[in-house]
Amino acid sequence: MSHPPRHSTSRAPLLVSYSLAVFAFLYLPILVLIAYSFNRDGVGGFPPHHLTLDWYRLLFADSPIWDALLNSLLVAAASIVISLSLGLLAALALDRADFPGKSLFRRLVLLPLILPGLITGLSLLMFSVFAGLKLSLFTVLLGHGTALISVATTELFAGLQKLDRSLEEASLDLGATPWKTFWRVTLPGLRLPLIASALLIFTLSMDEIAVSFFLIGRDNTLPLEIWGRLRRGITPEINAVSTLIFAASVVLILIWHRLRTRALAPKLD
Amino acid sequence: MYSRLYKSLISIPPLAWVAVFLLLPYALMLAHSFWAVRQGFLVHDWTLSNYRTLFSHPVYLQVLFRTLRIAASVTLCSVLLGYPLAYYLSFHAGPRKQLLYQLVIVPLWVSYLVRGYAWKTILGTDGVLNGFLHYLHLTTEPASFLLYSPFSVVLMLTHIYTPFVFLPIYASLEQIPRPLLEASHDLGAGPRSTFLRVVLPLSLPGLLAGSTFAFLLTLGDFLAPLLVGGPSGTMIANIVQSLFGAAYDWPLGAAISMCILLLILSILFLTERLEKRWSHTGASR
Chain A
310 MSHPPRHSTS
320 RAPLLVSYSL
330 AVFAFLYLPI
340 LVLIAYSFNR
350 DGVGGFPPHH
360 LTLDWYRLLF
370 ADSPIWDALL
380 NSLLVAAASI
390 VISLSLGLLA
400 ALALDRADFP
410 GKSLFRRLVL
420 LPLILPGLIT
430 GLSLLMFSVF
440 AGLKLSLFTV
450 LLGHGTALIS
460 VATTELFAGL
470 QKLDRSLEEA
480 SLDLGATPWK
490 TFWRVTLPGL
500 RLPLIASALL
510 IFTLSMDEIA
520 VSFFLIGRDN
530 TLPLEIWGRL
540 RRGITPEINA
550 VSTLIFAASV
560 VLILIWHRLR
570 TRALAPKLD
Chain B
463 MYSRLYKSLI
473 SIPPLAWVAV
483 FLLLPYALML
493 AHSFWAVRQG
503 FLVHDWTLSN
513 YRTLFSHPVY
523 LQVLFRTLRI
533 AASVTLCSVL
543 LGYPLAYYLS
553 FHAGPRKQLL
563 YQLVIVPLWV
573 SYLVRGYAWK
583 TILGTDGVLN
593 GFLHYLHLTT
603 EPASFLLYSP
613 FSVVLMLTHI
623 YTPFVFLPIY
633 ASLEQIPRPL
643 LEASHDLGAG
653 PRSTFLRVVL
663 PLSLPGLLAG
673 STFAFLLTLG
683 DFLAPLLVGG
693 PSGTMIANIV
703 QSLFGAAYDW
713 PLGAAISMCI
723 LLLILSILFL
733 TERLEKRWSH
743 TGASR
């Protein structure tokens with residue numbers, strides 16, 4: 310790696326302190342949130358005193374929260390199945406098939422990535438009414454599954470670009486059927502991007518509110534259960550559940566990041 | 463090398479799914495925007511009255527302008543925070559680069575709701591910030607203007623979108639060939655003119671991508687105003703959301719949504735053109 314030009318270091322102190330301030334801005338709110346989950350006297354005031362684990366105890370006995378978590382896990386797991394399989398096919402189609410309207414299809418698939426959840430949620434709400442579907446976890450799943458195909462397609466298309474096409478050719482030349490080649494060569498070659506996108510879909514689905522907001526029936530997902538409580542008045546119990554969600558997302562991100570670096574790094578052996 | 467059967471097997475399922483669950487719903491939204499509500503019932507009479515209402519009542523345009531202002535502020539603030547950070551990481555962080563990069567990535571994937579809620583507890587009248595100021599004897603009365611204002615919406619969304627803006631800028635800075643900077647230095651350019659004439663132009667595509675992202679996602683956000691915005695922080699998406707809820711006027715809500723959609727698609731179209739031009743003229747690699 311080449312060294313940076315020497316003259317630039319003279320401006321570094323200012324830049325370093327500015328960057329530190331940005332990091333503080335990014336992390337302070339989360340640290341405050343965590344600190345107050347141990348505060349007996351509520352979510353505000355300063356300094357926090359009377360440290361307690363009571364809010365966590367309350368949280369563990371709070372069955373609506375756990376039901377909502379279970380619902381969220383169900384929706385996320387099913388979203389992975391839908392988005393991943395359709396995203397894989399979409400990525401394959403964009404990579405190796407030609408059909409009329411291909412560029413329109415590419416744009417449409419990726420659209421939910423950049424469109425606000427409001428548009429995706431409302432259009433699917435109108436679709437559900439039109440199709441006579443009752444709003445439930447199923448309609449929420451339809452929303453997540455459809456919106457997150459974009460994520461899987463992006464990740465897997467990038468993975469396909471790096472895949473050595475000659476391996477598939479060799480497999481076909483040696484007499485393997487296309488079906489067998491798909492299972493034995495293509496899929497194993499995409500193992501890391503598949504796992505990475507599954508984790509990404511899981512995280513995004515677990516956190517999703519804007520689309521679910523319009524498609525939810527009687528059973529809440531975890532973010533919507535928390536959302537409902539925010540309107541009824543807040544206690545450090547919400548800080549406690551937020552802290553646990555934060556911890557869980559950090560673990561998932563670290564796994565995702567590790568997989569991604571491994572997928573992008575050149576093979577050493 | 464792939465057979466026709468293989469090609470149809472990989473393209474038909476995603477095409478069908480996208481047609482039924484993406485294209486058809488958008489078409490239904492378009493259709494709703496030309497329908498009407500009479501005596502509390504949706505009727506399928508084709509009319510332009512929703513669009514007429516939209517442009518004849520100043521309240522909709524007012525809220526739209528406020529939304530654009532908030533989105534522009536969020537974009538500007540996120541760039542002001544994200545660009546220097548990306549610059550520092552790319553050019554000055556040295557061996558700590560990877561670790562710091564991961565530290566920016568973490569907040570990116572931390573729940574929107576968790577981060578929005580954190581700001582609510584910090585900015586409220588009985589919140590952490592007011593408690594802190596009181597503790598330092600800087601204020602005697604709690605400041606109530608912190609929460610429930612356009613300011614708190616901008617603050618919360620800047621917090622959420624700064625990492626999003628950082629990422630593409632960082633990627634484009636990382637792609638700048640380092641010998642270019644040395645060449646600029648050797649040819650007598652100072653740090654300022656090296657930045658303005660080499661680094662900044664080459665990072666424009668990343669800057670554009672990040673800004674577009676922050677701007678468009680703020681444009682359609684209705685959760686931040688509900689969480690921390692209050693009546694003075696209401697944005698256009700909140701009007702849509704209430705028309706689909708208590709106010710029950712789906713056609714008018716659909717008409718506003720179509721306008722938002724059109725606005726977003728035209729911005730995407732423009733930025734795509736701009737990016738193509740910049741990546742042709744800017745990067746002479």
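Line by line, the protein sequences give chains A and B.
Quick note on our numbering: the first sequence kicks off at 310 and runs consecutively.
Quick note on our numbering: the second sequence kicks off at 463 and runs consecutively.
Cβ coordinates follow ideal geometry from the N, Cα and C atoms, glycine included.
Between L681(B) and G426(A), the alpha-carbon positions lie close to 11 angstroms from each other.
When C-alpha distances from F447(A) are compared across A386(A), W364(A), L465(A), W565(A), the shortest belongs to A386(A). Taking a cut-off of 8 angstroms for Cβ pairs, the region 701-716 of chain B and the region 506-521 of chain B touch, as three or more such pairs fall below it.
Nearest CB-CB separation between A519(A) and chain B: below the 8 angstroms threshold.
Pairwise C-beta distances place the region 547-562 of chain A out of contact with the region 589-609 of chain B, as fewer than three of them are shorter than 8 angstroms.
At a Cβ-Cβ threshold of 8 angstroms, A461(A) and S506(A) count as neighbours. When secondary structure is reduced to three states using DSSP, V572(B) falls in the coil class, being assigned neither helix nor strand. DSSP places A498(B) in the strand class (E or B) of the three-state scheme. Rounded to the nearest angstrom, the gap between the Cα atoms of M491(B) and L504(B) is 13 angstroms.
Runs of alpha helix (DSSP H) with 4 or more residues, each lying fully within the region 526-589 of chain B, are found at 559-571, 574-585, listed in chain order.
For L662(B), the enclosing alpha helix (DSSP H) stretches over residues 662-681. Contacts with chain B at 8 angstroms (Cβ-Cβ) include G353(A). Residue contact with chain B for L469(A): absent (no Cβ-Cβ distance below 8 angstroms to any residue of chain B). Closer than 8 angstroms to the CB of H566(A) there is at least one CB belonging to chain B. It is roughly 7 angstroms from the alpha-carbon of V660(B) to the alpha-carbon of L643(B).
By the rule that beta-carbons nearer than 8 angstroms mark a contact, Q703(B) touches chain A.
In the three-state DSSP reduction, N348(A) falls in the strand class (E or B).
Contact between the region 512-528 of chain B and the region 716-724 of chain B is present: 3 or more CB-CB pairs across the two stretches fall below 8 angstroms. About 6 angstroms separates the beta carbon of A580(B) from that of I339(A), a gap short enough to meet the 8 angstroms contact definition. Beta-bridge partners of V505(B) (DSSP): A498(B). L619(B) is positioned such that its CB atom lies closer than 8 angstroms to that of A686(B). The beta carbon of I729(B) lies closer than 8 angstroms to those of T674, F677, L678 in the same chain, with the five residues before and after it left out. Per DSSP, reduced to three states, the secondary structure at L442(A) is coil, with no helix or strand assignment. Between Y550(B) and L337(A), the C-beta spacing is not below 8 angstroms. By the neighbour-count criterion, in which 16 or more other beta carbons inside 10 Å mark a residue as buried, T529(B) falls on the buried side. Within chain B, no residue has its CB atom less than 7 angstroms from the CB of S480(A), the nearest being about 11 angstroms off. Approximately 6 angstroms separates the beta-carbon atoms of I622(B) and Y574(B); this is inside 8 angstroms, confirming the contact.
CA-CA distance, M435(A) to Q637(B), rounds to 44 angstroms. A check of alpha carbon separations from I726(B) across I391(A), T361(A), I423(A), F491(A) identifies I423(A) as the nearest. Of all residues in the region 396-412 of chain A, only L398, A399, L401, A402, R405, A406, F408 place a beta-carbon less than 7 angstroms from a beta-carbon of chain B.
Taking a contact to require three or more Cβ pairs closer than 8 angstroms, the region 490-502 of chain A and the region 555-566 of chain A do not qualify as touching. For D516(A), the number of other beta carbons within 10 angstroms of its own is at least 16, and it is reported as buried. DSSP links L360(A) through a beta bridge to N348(A). In the three-state reduction of the DSSP assignment, T733(B) falls in the helix class.
Contacts with chain B at 8 angstroms (Cβ-Cβ) do not include D363(A). Contact with chain A is absent for M697(B), since none of that chain's Cβ atoms lies less than 8 angstroms from the residue's Cβ.
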